[in-house]
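**Q** Before we start, here is the structure in question, set down as C-alpha cells.
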Amino acid sequence: MEDIFVARLMSSDLQAVGPDTLVEDAATQMQDNGVGSLVVVDEDNQLLGILTTTDFVDIVAKSKPKAQTTVERYMTTDVVTTDAQTSIVDAADLMIEHGIHHLPVIDDEEGVIGMISTTDLAGYISSVQTPSPA
1 MEDIFVARLM
11 SSDLQAVGPD
21 TLVEDAATQM
31 QDNGVGSLVV
41 VDEDNQLLGI
51 LTTTDFVDIV
61 AKSKPKAQTT
71 VERYMTTDVV
81 TTDAQTSIVD
91 AADLMIEHGI
101 HHLPVIDDEE
111 GVIGMISTTD
121 LAGYISSVQT
131 PSPA
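Using the UniProt record's numbering, you'd call the opening residue of the sequence shown number 1 and step up by one each time.
What follows is the structure in C-alpha cells.
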C-alpha cells in the first residue's frame with residue numbers, strides 16, 4: 001500500500017473546548033458540529049486532553065442520581081447495515097457516507113450476526129495490530 005501521510009488525511013477543522021467547559025455544553029457542541037470528539041486546550045491552544053463520545057458513556061454510567069430513562073428514547077432506529085459479503089471498501093464507504101463508526105452485519109434469516117467498526121478497519125490496514133471484536 002502506498003505511503004499516505006497523516007497530513008493528507010487528517011481533519012484540521014477541530015472543535016475545541018477549555019478545561020472548565022461544562023460537560024452539557026461540550027455534548028451540545030459535539031452534536032451541533034457532528035463530531036465524536038473535542039480537543040481540550042489551554043489559552044495558548046496547547047493540548048490538555050480529549051473528550052470523546054466514549055467518555056460520555058462513563059459520565060452517564062457514573063451519574064448520581066441515576067436517570068430512569070430507557071434506551072428507546074435515544075437509540076437510532078434508522079440503522080445503516082451491511083451483510084457479510086460486502087467488501088470492506090464498500091463498508092468503509094457506507095460509514096463515511098453516513099458519518100457512522102459501527103455497521104451492524106445482518107443476515108436475512110439469522111438477523112444480526114456481527115458488527116464492523118472503524119477500529120476493525122483501521123486494525124486491518126495497520127501492520128501493528130490486527131482487529132479485535134468490539
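The beta carbon of each residue, even a glycine, is placed where N, CA and C say it ideally should be.
Hey, quick one: how far does the beta strand (DSSP E) through methionine 115 stretch, first residue to last?
**A** Taking the first residue of the sequence shown as position 1, residue 115 is located at position 115. Methionine 115 -> beta strand (DSSP E) spans 111 to 117.
**Q** Can you pull the DSSP bridge partners for isoleucine 50?
**A** Translated into positions along the sequence shown, residue 50 becomes position 50. BP columns for isoleucine 50 point to Val39.
**Q** Can you find the residues in the same chain that come closer than 7 Å, C-beta to C-beta, to valine 80, ignoring five residues on each side of it along the sequence?
**A** Indexing the sequence shown from 1 puts residue 80 at position 80. Closer than 7 Å at the Cβ level, and outside the excluded window around valine 80, lie Leu94, His98, Ile100 and Leu103.
**Q** Counting C-beta neighbours from all protein chains within 10 Å, is the total for leucine 38 16 or more, i.e. buried, or is it exposed?
**A** Residue 38 sits at position 38 when you count from the first residue of the sequence shown. The residue is buried, with at least 16 neighbouring Cβ atoms inside 10 Å.
**Q** Less than 7 Å between C-beta atoms, sequence neighbours within five positions excluded: which residues of the same chain meet that for aspartate 42?
**A** Position 42 of the sequence shown, counted from the start, is the residue given in the question as residue 42. Once the five neighbours on either side are set aside, the close Cβ partners of aspartate 42 are Leu48.
**Q** If you draw a straight line from the alpha carbon of threonine 21 to that of proline 65, how long is it in whole angstroms?
**A** Position 21 of the sequence shown, counting from 1, holds the residue named residue 21. Position 65 of the sequence shown, counting from 1, holds the residue named residue 65. Taking the straight line from one Cα to the other gives about 22 Å.
**Q** Closest by CA to isoleucine 50, which one among Asp44, Val57 and Val40?
**A** For the purposes of this step, residue 50 is identified with residue 50 of the sequence shown, where counting begins at 1. Comparing Cα positions, the closest option is Val40.
**Q** Go to isoleucine 106, then tell me how far its beta strand (DSSP E) extends in each direction, as first and last residue.
**A** Taking the sequence shown and counting its residues from 1, the one referred to as residue 106 is at position 106. Element bounds for isoleucine 106: 102 to 107.
**Q** How would you call valine 112, buried or exposed, if buried means at least 16 neighbouring beta carbons within 10 angstroms?
**A** For this step, residue 112 is matched to residue 112 along the sequence shown. It counts as exposed.
**Q** Going by C-alpha distance, which of Gly18, Lys62, Asp78 and Arg73 is nearest aspartate 44?
**A** Within the sequence shown, residue 44 is the residue found at index 44, counting from 1. Measuring from the Cα of aspartate 44, the nearest candidate turns out to be Gly18.
**Q** Nearest-angstrom Cα distance between threonine 69 and asparagine 33?
**A** The residue given as residue 69 occupies position 69 in the sequence shown. The residue given as residue 33 occupies position 33 in the sequence shown. Distance between the alpha carbons of threonine 69 and asparagine 33: 25 Å.
**Q** Can you check DSSP and say which residues form a bridge with alanine 16?
**A** As a position in the sequence shown, residue 16 is number 16, starting the count at 1. In the DSSP output, where bridge partners are listed per residue, alanine 16 has Val39.
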